[in-house]
Amino acid sequence: MKLTAIFKISLLAIIFMGKLTLADDARLLFEKTISTQSGKELITSLVAGGIEISTWDKSEVNIKVFGNDEAQEKIIFSAEETSTGVKVEGKQKDKNNFRNLTIRVEITVPKNYDLKLYSSGGNLTVKDITGKIETNTSGGNISIDNSRGNLEAYTAGGNVAISVSRGDVKVSTSGGKITVDDFDGNVDVSTAGGDIVLNGKNGRIDASTAGGSIKLDYEGKNMGIDMSTLGGNITATLPGDFDADADIGTLAGKINCDFAKVQKENHVSSFVRAKFNNGGETFKCTTSAGNITVNKR
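Letter by letter, the sequence shown follows residues 1 to 297 in the numbering used here.
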């Protein structure tokens, strides 16, 4: 996606979020409990509002919707059992613009449950889940803590924080920072306007940012690493026995590498093309305007 398009999306998200208020007048507008089974899925589709997911040992899904007078007047909330699990919706009653709208949806599901969460404007929070996770918000932050299963997270205007993940991770944001802490699996992350911080093991890593720095702390076997930024530094800390075919380069910065000698192409750019230890999968780092540091643990 071109940066101009990304900027427009982020701006729209910010404008929309400006219509949401953090007022303390929210009250319970809707509540329902639906019997279900572990291994099924929750689908949410909200025209606006934050979503908080927690888990319990019951074979039930409990939905609580909190909001203010504007939410009660403008939005219709529903929750129903489906062939695949449970679906929760929040739809507009008419096409009038939202003003001073407050919505917060709290949902408790079985510990083993798939999630498909969508909101046009709000933060998404998930804790302690085993199952596939898909999250998408047009104007908020995403936080996922202690998940077992593959996850995907997309936001047009916020930060993404993933912690204690056991499965593949795919994250994209147009205007925020990405943090993936304590991962065990493949990681594919991209942002147009923030830093990337990764800490984990045993996975292929693809990380790119157009306007920030990248920091990686990695353990385990090299399964392929590709990190790139247009406007920041890259720092990687790797095991001493890390095997790789390295391709590292910067057009306007310095390289410090504990594994290999740095070569100078001219008085500005630097590069490293060498085998780390016995060689192996690719380890690639590129930046147009920053420094690259590769540390040996």
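Each residue gets a CB set at the ideal place from its N, CA and C atoms; glycine is no exception.
Continuous beta strand (DSSP E) stretch holding residue i: start and end
i           : result
residue 92  : 85-92
residue 146 : 142-148
residue 166 : 160-166
residue 209 : 205-209
residue 171 : 169-173
residue 287 : 282-287
residue 251 : Run containing residue 251: none; DSSP gives neither H nor E here.
residue 136 : 133-137
residue 227 : 225-229
residue 118 : 114-119
residue 180 : 178-184
residue 258 : Here residue 258 belongs to no beta strand (DSSP E), and DSSP marks it neither H nor E.
residue 130 : 124-130
residue 153 : 151-155
Rounded straight-line distance, which links the Cα of residue j to that of residue i
i           : j           : result
residue 130 : residue 149 : 6 angstroms
residue 111 : residue 257 : 44 angstroms
residue 284 : residue 67  : 48 angstroms
residue 230 : residue 51  : 33 angstroms
residue 136 : residue 117 : 6 angstroms
residue 214 : residue 107 : 34 angstroms
residue 261 : residue 272 : 7 angstroms
residue 49  : residue 104 : 5 angstroms
residue 292 : residue 170 : 24 angstroms
residue 80  : residue 99  : 28 angstroms
residue 168 : residue 151 : 6 angstroms
residue 139 : residue 157 : 5 angstroms
residue 259 : residue 276 : 6 angstroms
residue 299 : residue 144 : Past the edges of the chain, shown from 1 to 297, lies residue 299, and the structure says nothing about it.
residue 300 : residue 44  : As shown, the chain starts at 1 and ends at 297. That puts residue 300 outside it, with no answer to give.
residue 204 : residue 198 : 12 angstroms
residue 96  : residue 70  : 11 angstroms
residue 212 : residue 101 : 33 angstroms
residue 134 : residue 195 : 22 angstroms
residue 295 : residue 235 : 8 angstroms
residue 83  : residue 42  : 11 angstroms
residue 218 : residue 94  : 50 angstroms
residue 254 : residue 153 : 33 angstroms
residue 250 : residue 54  : 44 angstroms
residue 31  : residue 155 : 27 angstroms
residue 166 : residue 147 : 6 angstroms
residue 64  : residue 26  : 12 angstroms
residue 201 : residue 297 : 14 angstroms
residue 91  : residue 85  : 20 angstroms
residue 239 : residue 182 : 16 angstroms
residue 127 : residue 39  : 16 angstroms
Identified DSSP bridge partners for residue i
i           : result
residue 216 : 198 and 236
residue 244 : 276
residue 221 : DSSP output for residue 221 lists no bridge partner at all.
residue 296 : 238
residue 108 : 54 and 62
residue 301 : Within the shown structure, residues of the chain are numbered from 1 to 297, placing residue 301 beyond reach of any answer.
Closer than 7 angstroms: residue i CB and nearest the ligand ATP heavy atom
i          : result
residue 97 : Among the ligands in the structure shown, none appear at all, so the ligand ATP cannot be discussed.
Alpha helix (DSSP H) runs contained entirely in the segment 19-85, provided each spans 4 or more residues: Complete alpha helix (DSSP H) runs here, min 4: 69-74.
Cβ contact check for the segment 66-82 and the segment 118-134: 3 or more pairs under 8 angstroms: Contact between the segment 66-82 and the segment 118-134 is not established, with fewer than three Cβ pairs separated by less than 8 angstroms.
Inter-stretch contact (C-beta, 8 angstroms, three-pair minimum) for the segment 240-248 and the segment 181-201: No, because fewer than three Cβ pairs between the segment 240-248 and the segment 181-201 fall closer than 8 angstroms, the two stretches do not touch.
Cβ contact check for the segment 215-223 and the segment 270-286: 3 or more pairs under 8 angstroms: yes
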